[in-house]
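Reviewing the structure listed below.
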Amino acid sequence: MPTLEYLRSEIERMRTQIGRQRKEILQLQRAGIGTASAEALLTRMQAKVEQLVAQRDEVKMAEPRETRTRVLGGGGFGRRGRDQT
708 MPTLEYLRSE IERMRTQIGR QRKEILQLQR AGIGTASAEA LLTRMQAKVE
758 QLVAQRDEVK MAEPRETRTR VLGGGGFGRR GRDQT
């Protein structure tokens, strides 16, 4: 099974590619060129990212609770919450 770090970097890389693909589709549409194949590729790329995200979540949940990294500022409502105005 791939590592959590690998999955995160692959998701980030794919999302960057998706952004580029969207821009390219817009350019093709402005030029009046058909975009069906480019849109099909974009759909496949998005499905792959969704698959990687699900796999990442699976790996995260499989980690022992103690080894999961804590999020900075993830203190919840204790510090700055509902009581302060």
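Sequential numbering of the sequence shown, starting at 708, is according to the working numbering.
Virtual Cβ for every residue (Gly too), placed ideally from N, Cα, C.
By the Cβ neighbour-count rule, L779 is exposed, with fewer than 16 other Cβ atoms within 10 Å of its own. If you check the CB distance, I718 and V756 come in under 8 Å. A straight line joining the alpha-carbon of Q724 with that of R715 spans about 14 Å. The alpha helix (DSSP H) runs of length 4 or more contained entirely in the segment 746-778 do not exist; there are none.
Residue R751 holds the alpha-carbon nearest to the alpha-carbon of Q728 among G739, L759, R751.
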